[in-house]
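*Asks:* Here's a structure for you.
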Amino acid sequence: MGELEIAWRWSARNFGPNPYIRSATTPLMIDGVLYATAGMRRSVVAIDAGTGETLWMWRMDEGERLDRAPRPNPGRGVAYWSDGAGDDRILVVTPGYHM
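First residue of the sequence shown: 8, per my numbering; consecutive thereafter.
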């Protein structure tokens, strides 16, 4: 274990402030890509597991629904679904309770 080195670091700071002291996500790795949530708006990000490069990001504009959300920051990540024939999906529940 003494020979392990950090390969790369990824920061969620670009996804807005997070007023909560502890914010955690549980990423999924599928075919060399990490999928996770970032920031208070729970943006979904895809990160190349080999390089740490952000491949894409998705965020829903929830407007007032986000402002009225009783628990805007809970949620630890994403889920993965596939029909086995190429219809693969990353699922997330937004702070405004959209899926």
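Glycine is no exception: its CB is placed at the ideal position from the N, C-alpha and C atoms.
Could you work out which residue in W88, V51, D38 and A45 is closest to S18 when comparing CA atoms only?
*Replies:* Nearest of W88, V51, D38 and A45 to S18, Cα basis: A45.
*Asks:* Between L11, N21, P102 and I37, which lies nearest to E71 when the distance is taken from Cα to Cα?
*Replies:* Closest option to E71, Cα to Cα, is P102.
*Asks:* Kindly identify the DSSP beta-bridge partner or partners of L41.
*Replies:* According to DSSP, which records beta bridges pairwise, L41 is partnered with M36 and I54.
*Asks:* Among the candidates R75, G91 and R48, whose CA atom is the shortest distance from the CA of V99?
*Replies:* Among R75, G91 and R48, the Cα nearest to that of V99 belongs to R48.
*Asks:* Let me check understanding here. Comparing Cα to Cα, which of G57, D90 and D94 lies closest to R16?
*Replies:* Minimum Cα distance to R16 is reached at G57.
*Asks:* Contact check, A43 vs G84 under 8 angstroms by CB: the rounded distance?
*Replies:* Going by Cβ atoms, the distance from A43 to G84 rounds to 6 angstroms, so yes, they are a contact pair.
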